[in-house]
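Numbering (this note's numbering), first residue to last: 249 to 509.
We put the CB at the ideal spot given by N, CA and C, even for glycine.
This report refers to the structure that appears directly beneath it.
What follows is the structure in structure tokens.
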């Protein structure tokens, strides 16, 4: 983390814990320098989700760390937890935010984790985004948002992989959700696919290669190029100099915060 900040002083950097499931996991993340954490108690009852999230918020805020929580459930599997889609209820969202004091909220609008999100045409409850955003007044988060680029599916399959019927969230749908109030997009499967496709290509085209640098390097580069396209499509690129980002945290401030932990 320090190295990334020192080598890129003009770029705001955050280290975020995704899908922490207990206060203990959050404490460990904060202790080693995470500047943002997610507590995901969405698989519990509403009341238990509120209790756990509030406990995390109190602990994290006292240490200058922001908190994301989740209300509603996504399909697919994340951190060994299998989810069945349950859309976020706007009324519950208001109550949840008021009772927990959370900084941002991940909502369920029909997406799911993994590379097999839909069996037919993708259908998302985009209308829920604005309904919730207008009422809660905090940034919303969209999980399960990989688009599963078909060119990567074809490349993986061409070089020996098997990803039949892989299907993701169309980029235009994500852009629409952003316009309605989503501020943070979680994309993971696409990154994994970019790395996998690149490594499979190296192994197939140069089967004698055994130096990890010769296939992990191209894999990393492929992931970087993919993420560039996401940042441009989602409107993230080009904002490093914005004043609101400059106010996030400096390296000296970061070290000072960590020293207190």
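Could you pull the start and end residues of the beta strand (DSSP E) that residue i belongs to?
i           : result
residue 471 : That residue, residue 471, is in no beta strand (DSSP E); its alpha helix (DSSP H) goes 460-481.
residue 390 : 388-390
residue 355 : 352-355
residue 254 : That residue, residue 254, is in no beta strand (DSSP E); its alpha helix (DSSP H) goes 250-255.
residue 304 : Here residue 304 belongs to no beta strand (DSSP E); instead the alpha helix (DSSP H) covers 294-309.
residue 314 : 314-319
Would you list the residues sitting across from residue i in a DSSP beta bridge?
i           : result
residue 268 : 287
Once you ignore the five residues that flank residue i on each side, which residues in its own chain have a CB closer than 7 Å to its CB?
i           : result
residue 329 : Because residue 329 carries a pLDDT of 48, less than 50, the predicted location of this residue cannot be relied on, and no value is offered for it.
residue 401 : 411, 414
residue 356 : 320, 321, 322, 333, 334, 335, 336
residue 435 : 393, 394, 478
residue 471 : 439, 442, 443
residue 298 : 344, 347, 348
residue 359 : 322, 365, 372, 390, 391, 392, 393, 417
Kindly list the residues whose CB is nearer than 6 Å to the CB of residue i, restricted to its own chain and excluding five residues on each side of it in sequence; keep chain order.
i           : result
residue 282 : 263, 265
residue 349 : 305
residue 284 : 262, 264, 314
residue 499 : Caution is warranted here: a pLDDT of 47 is assigned to residue 499, below 50, making its placement in the model unreliable, and no coordinate value can be reported.
residue 390 : 425, 430, 433
residue 403 : 445
In the DSSP assignment, the alpha helix (DSSP H) including residue i goes from what residue to what residue?
i           : result
residue 335 : From DSSP, residue 335 is part of no alpha helix (DSSP H); its letter is neither H nor E.
residue 376 : 374-384
Can residue i be considered in contact with the ligand ADP, in the sense that its beta carbon sits closer than 7 Å to one or more heavy atoms?
i           : result
residue 455 : The ligand ADP is not part of this structure, which contains no ligands at all.
Could you pull out every residue in the same chain whose Cβ sits closer than 8 Å to the Cβ of residue i, ignoring the five residues on either side in sequence?
i           : result
residue 308 : 274, 278, 285, 314, 315
residue 303 : 271
residue 438 : 394, 395, 396, 397, 400, 416, 474, 478
residue 464 : 447
residue 503 : Confidence in residue 503 is poor, its pLDDT being 49 and thus under 50, which makes the residue's placement unreliable; the coordinate value appears in the next sentence. The answer, listed in chain order, is 250.
residue 383 : 338, 341, 342
residue 301 : 287, 289, 315, 317, 344, 348, 350
Below 8 Å on the Cβ atoms is my contact criterion, and I expect residue i with residue j to pass it. Report the Cβ-Cβ distance as a whole number of Å.
i           : j           : result
residue 449 : residue 407 : 5 Å
residue 341 : residue 319 : 6 Å
residue 353 : residue 386 : 6 Å
residue 482 : residue 423 : 7 Å
residue 317 : residue 287 : 5 Å
residue 485 : residue 258 : With 8 Å as the limit, residue 485 and residue 258 do not qualify as a contact, their Cβ atoms being about 14 Å apart.
Closer than 8 Å, CB to CB, is residue i near chain C or not?
i           : result
residue 439 : You won't find chain C in this structure, because it holds only one protein chain.
Can you check the segment 398-457 for any alpha helix (DSSP H) of at least 4 residues that lies completely inside it and give the ranges in chain order? 398-406, 419-428, 437-453
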